[in-house]
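K.L.:
Protein chains: 2
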Amino acid sequence: MIGFSQDSASGWIRSYEIDQLKPQIESAHELLHSGKGPGSAFTGWMKLPDSLDIHELERIHRAADRIRAQSDILIVIGIGGSYLGARAAIDMLTPTFSDLLPREKRSAPHIVFAGNHLSADYLYDLLETIKGQRISVNVISKSGTTTEPAIAFRILKQWMEEQYGREEAQRRIYVTTDKSRGALRKLAVQEQYETFVVPDDVGGRYSVLTPVGLLPIAVAGIDIDAMLDGARDGMHHWQNPDPDDNPCYRYAACRNVLLRKGYQIEVMVQYEPSMQYLTEWWKQLFGESEGKDGRGLFPAGVANTTDLHSMGQYIQDGQRILFETVLSVEESKHTIVVPADDDNGDGLNYLAERSLHEINEKAARGTILAHVAGGVPNLRLTVPERTPYWFGQLVCFFELACAISGYLLAVNPFDQPGVEAYKDNMYALLGKPGYEQKKAELEALLAERDS
Amino acid sequence: MIGFSQDSASGWIRSYEIDQLKPQIESAHELLHSGKGPGSAFTGWMKLPDSLDIHELERIHRAADRIRAQSDILIVIGIGGSYLGARAAIDMLTPTFSDLLPREKRSAPHIVFAGNHLSADYLYDLLETIKGQRISVNVISKSGTTTEPAIAFRILKQWMEEQYGREEAQRRIYVTTDKSRGALRKLAVQEQYETFVVPDDVGGRYSVLTPVGLLPIAVAGIDIDAMLDGARDGMHHWQNPDPDDNPCYRYAACRNVLLRKGYQIEVMVQYEPSMQYLTEWWKQLFGESEGKDGRGLFPAGVANTTDLHSMGQYIQDGQRILFETVLSVEESKHTIVVPADDDNGDGLNYLAERSLHEINEKAARGTILAHVAGGVPNLRLTVPERTPYWFGQLVCFFELACAISGYLLAVNPFDQPGVEAYKDNMYALLGKPGYEQKKAELEALLAERDS
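Below, the structure is given as structure tokens:
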């Protein structure tokens, strides 16, 4: 199972502090499992591995096989939770440089993301790149009207229909959307696209183990069944409300203790470059779940050891407002050994014949000691291997910890009211029908500021 | 020139607050230009565009041409400042998906980075990827003994000698190192590698416009002369110590005012995905320069609009401990227009025939208004275009602002004493000769924590 240790935060977290949180944790656990807490309409992710329709899962496998056979590039269109989970899994679980291999050596299409921002140049570059390539699209949007993915899809759909004709485009477009409502569902019915369901009771940032994440992940050739097994085992394992027996809840408790005593930033620390987007996924999960009502730890990430030569100085010796959570992978997939060198000009012969993974692990241990000595509490998570099973279990660990942590913080960990503010302003400034009043107000405000 | 505006922070920064800083800014300016401030031995970056040896620059061009002609992949080995600047420039200034194009459509080799961490799997994946490809290496290290790049270079050098024979490997290895001392210089002399100089008076994070950054950037096909022109023009332009007439110093002043009134995090906001690594470079520059003696703003970054669906909720409505600096690019390189659609099922026809870049800009304006209303001061930087010239000017802007800001904060913005702490612990735990005493101490400490 995933390991958790607070040994390197022992100077900051007393056992009686955890003890005093126990009734609150029990109450959070009760709220979550009874379905009576705030946001409980969006706790479907808890039942996910088991509630996933077996026929839908089977269709995902078949669609993934078809996409793999018919495509050089799969374009995944989605924003926020509709892309971060898939990207995290694909980056973590496929070989680092697979995009650089010639086609005959690759086992899966390139997977690129679009519709997650509004950059004209990015979309232009994408359109240039797909010329002469065999393309499929997986568009992921609950409503079908979110501006970023809707624009990208409108453009790519027209491109595909011109390129392939309507009928062939229909075979190359896969839609993940609401089960019955919304613009994208309607279009999918009309065009007979193959569709997958975004469940009603799962919010975007908790959706990686629904078809939202599973289809692109399966296209990448990753074993999604093992991933679901990992999540299932985690969910069954972390049922005990006592943080002494539940590392997931203990992680939630520790970060709340540290927040309550003034630490404002949690830095997620990785030592595998392939796990950078897992950190991005984690930032969305915790930032969006807890960052509300003036509350919440600010989530940040570093990728070591490279960032020890960047943010490392700040962490060692800047303002003492942060703690770290170090996520270590116990076994590497491959063994690389430092070779001996007769000259030893670089002075590395003391490492000769030793494994790089061991050296990485020693760097992590040494860094924790240094940062603790510098006044930074360190929590530590360990995952046995970088595999689909453990990815699934990590997802479950963080989702459950986030829900409990949010309830400890007294926020609704399943809503995101603050995301609407920018959208409303953007709609108004763009002149969307119905926003005329707001447009006038905002333009007056802008004129005043610019004057 | 690069524009700066504090109009969206006017509720937080009073004009008299800037006025009161003026004597301090003048003193910081004087310290920097007189060479009498802390760390003044490392202010060579200020004279860089002009002090760069014309023959060295000519050699960079020729080496880049040779590398381009003889390589499918250039591996750049370096950590911290020895890779972030080049990566930022290459990501920002080359087409987004160029790695996905078949060889005949690419104008430059793939450029990948190594020796910036200790992941065994990353290096394994790299060794698998380069099989059968034509490789060149640019190894960048002042000393040649920094653990991460030294290990990667030892392994790749042996690989190349086996693959190509020693003589051909010599033609494929390019060394950027100290002008006369160190392990890498010694090796380069012995092996007759072509070498370039890391100047003595420029620290890693200020080194992108030295051969450290310029060689890999030139290999990517980017106009490094235009880049140097941009930096030169910036440096000549921002000479006035009065922040009323110097946007670079005004940026430094504003962030110090906000820090002094309790804001602890500066979030760099981009709207172009290709500029994500510029943010990483900026994080190193400011984090490592200011994060010391218990001081400094914690630098973080978001890539919008995608992160509006991730960190956006926190920024809008979490703890009020942060401000934003929004870096906007005024003109896109390419024009993408939202096409009309007869059905209008996605409701986007109000945007039909409008440019995506304009929509992106409106999203940025709307977001600033939303975040200001949510209690987040917003500073704004504008750069006319995403070109080498403006990249160079941005580098100069941030480096100069960082130096002045650091002096306003009363730190040495040119050292990084905190980076040594992890290195020493790592050496000790790995059993490096000379660290026996420290090894015993640390292992006792670890045994105690783990018990």
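Protein sequence lines, in the order shown, are assigned to chains U and X.
Under this note's numbering, think of the first position of the first sequence as 1, with each following residue one higher.
Under this note's numbering, think of the first position of the second sequence as 452, with each following residue one higher.
For every residue, glycine included, the Cβ atom is placed at its ideal position computed from N, Cα and C.
If we count the other Cβ atoms within 10 Å of its Cβ and call it buried at 16 or more, is U/Pro216 buried or exposed?
P.N.:
Result: buried.
K.L.:
Going along the chain, which residues of the stretch 711 to 737 of chain X sit with their C-beta nearer than 8 Å to a C-beta in chain U?
P.N.:
Per Cβ criterion, the list reads Gln715, Ile716, Tyr722, Glu723, Pro724, Ser725, Glu731, Lys734, Gln735.
K.L.:
Looking at U/Glu399 and U/Pro241, is the spacing between their C-beta atoms short of 8 Å?
P.N.:
In this structure, U/Glu399 does not lie closer than 8 Å to U/Pro241 by Cβ.
K.L.:
For U/Gln270, does the three-state DSSP call read helix, strand or coil?
P.N.:
Reduced to three states, the DSSP call for U/Gln270 is strand.
K.L.:
Report the CB separation of U/Leu505 from U/Gly296 in whole angstroms; it is logged as a contact under 8 Å.
P.N.:
There is simply no residue 505 of chain U to check, as chain U begins at 1 and stops at 451 in what is shown.
K.L.:
Nearest to U/Val198 by CA position, among U/Arg365, U/Val337, U/Tyr206, is which residue?
P.N.:
Closest by alpha carbon: U/Tyr206.
K.L.:
Please name the residues in the stretch 141 to 167 of chain U whose beta-carbon is closer than 8 Å to at least one beta-carbon of chain X, in chain order.
P.N.:
So the close ones are Gly144, Thr145, Thr147, Glu148, Ala150, Ile151, Phe153, Arg154, Ile155, Gln158.
K.L.:
Identify the residues that DSSP records as bridge partners of U/Glu324: which are they?
P.N.:
DSSP lists U/Val267, U/Asn378 as partners of U/Glu324.
K.L.:
Would you identify the three-state DSSP class for X/His561, choosing helix, strand or coil?
P.N.:
If DSSP states are grouped into helix, strand and coil, X/His561 belongs with the strands.
K.L.:
Would you call X/Tyr840 buried or exposed, if buried means 16 or more other Cβ atoms sit within 10 Å of its Cβ?
P.N.:
Classification for X/Tyr840: buried.
K.L.:
Quick check on U/Ala220: does DSSP put it in helix, strand or coil?
P.N.:
U/Ala220: coil per DSSP, three-state reduction.
K.L.:
Put X/Val663 into one of helix, strand or coil per three-state DSSP.
P.N.:
Correct three-state label for X/Val663: helix.
K.L.:
List the residues of chain U whose Cβ lies closer than 7 Å to the Cβ of X/Pro884, in chain order.
P.N.:
Residues of chain U passing the Cβ test: Tyr350.
K.L.:
Counting only the same chain and skipping the five closest in sequence on each side, list residues whose C-beta sits under 7 Å from that of X/Ala754.
P.N.:
So the list reads Gln721, Pro724, Gln727, once near-sequence residues are dropped.
K.L.:
For the beta strand (DSSP E) holding U/Gly301, just list the boundary residues, first then last.
P.N.:
Unbroken beta strand (DSSP E) run through U/Gly301: 298 to 303.
K.L.:
With a 10 Å radius around its C-beta and 16 neighbouring C-beta atoms as the bar for buried, classify X/Asn795 as buried or exposed.
P.N.:
Exposed, by the Cβ-count rule.
K.L.:
If you drop the 5 nearest sequence neighbours on each side, which residues of the same chain put their C-beta closer than 8 Å to that of U/Ile60?
P.N.:
Within the same chain, U/Ile60 has close Cβ partners Phe196, Pro211, Leu214, Leu215, Ala218, Ile224.
K.L.:
I think U/Ile222 touches U/Ala89, with their Cβ atoms under 8 Å apart; what is that distance to the nearest whole Å?
P.N.:
Correct: roughly 6 Å between the Cβ atoms.
K.L.:
Quick one: does X/Ala540 have its CB under 8 Å from some CB of chain U?
P.N.:
For X/Ala540, the answer is no, since every Cβ of chain U falls outside 8 Å of its Cβ.
K.L.:
Are the C-beta of U/Gly406 and some C-beta of chain X separated by less than 8 Å?
P.N.:
With 8 Å as the cut-off, U/Gly406 does not count as an interface residue toward chain X.
K.L.:
Hey, could you find the ends of the alpha helix (DSSP H) U/Val189 is sitting in?
P.N.:
Run containing U/Val189: 183 to 191, per the alpha helix (DSSP H) assignment.
K.L.:
Beta-carbon of U/Glu330 versus every beta-carbon of chain X: anything under 8 Å?
P.N.:
No, its Cβ sits nowhere closer than 8 Å to a Cβ of chain X.
K.L.:
Helix, strand or coil: which one does DSSP assign to X/Val626?
P.N.:
In this structure, X/Val626 counts as strand in the three-state DSSP scheme.
K.L.:
Considering U/Val395, what are the terminal residues of the beta strand (DSSP E) in which it resides?
P.N.:
No beta strand (DSSP E) contains U/Val395, which is instead part of the alpha helix (DSSP H) from 388 to 408.
K.L.:
Contact check, U/Ile75 vs U/Ile135 under 8 Å by CB: the rounded distance?
P.N.:
About 6 Å; that satisfies the 8 Å criterion.
K.L.:
So if I threshold CB-CB distances at 8 Å, which residues from the stretch 480 to 504 of chain X count as touching chain U?
P.N.:
Listed by position, the residues of the stretch 480 to 504 of chain X near chain U (Cβ gap below 8 Å) amount to none.
K.L.:
Comparing alpha-carbon positions, which option in X/Asp758, X/Leu759, X/Asp651, X/Gln715 lies nearest X/Gly738?
P.N.:
Cα-wise, what sits closest to X/Gly738 is X/Gln715.
K.L.:
With a CB to CB cut of under 7 Å and the five nearest residues on each side skipped, what residues in its chain are close to X/Ile855?
P.N.:
Contacts found: Ile476, Ala479, His480, Leu483, Tyr700, Ala703.
K.L.:
Would you check whether the ligand FMN has a heavy atom nearer than 7 Å to the C-beta of U/Pro38?
P.N.:
By its list of ligands, the structure shown contains no ligand whatsoever, and the ligand FMN lies outside what it can speak to.
K.L.:
How would you write the range of the alpha helix (DSSP H) that U/Leu74 sits in, first residue to last?
P.N.:
Looking at the DSSP string, U/Leu74 is not in any alpha helix (DSSP H); the run it does join, the beta strand (DSSP E), is 73 to 77.
K.L.:
Which runs of the beta strand (DSSP E) fall wholly inside the stretch 543 to 593 of chain X and span at least 3 residues, in chain order?
P.N.:
With a minimum length of 3 residues, the continuous beta strand (DSSP E) runs that stay inside the stretch 543 to 593 of chain X are 561 to 565, 586 to 591.
K.L.:
Contact criterion: CB-CB distance below 8 Å. Does U/Ile73 meet it with respect to chain X?
P.N.:
Yes, U/Ile73 counts as interfacial toward chain X.
K.L.:
If we count the other Cβ atoms within 10 Å of its Cβ and call it buried at 16 or more, is X/Gly882 buried or exposed?
P.N.:
Under this definition X/Gly882 is an exposed residue.
K.L.:
Can you tell me whether X/Gly454 is helix, strand or coil according to DSSP?
P.N.:
Strand, per DSSP.
K.L.:
Assign X/Val640 to one of two classes, buried (16 or more other C-beta atoms within 10 Å of its C-beta) or exposed (fewer than that).
P.N.:
Counting Cβ neighbours within 10 Å, X/Val640 comes out exposed, since fewer than 16 surround it.
K.L.:
Note down, in chain order, each residue of its chain lying with its Cβ closer than 7 Å to the Cβ of X/Lys734, except the 5 sequence neighbours on either side.
P.N.:
These residues qualify, in order along the chain: Pro750, Gly752.
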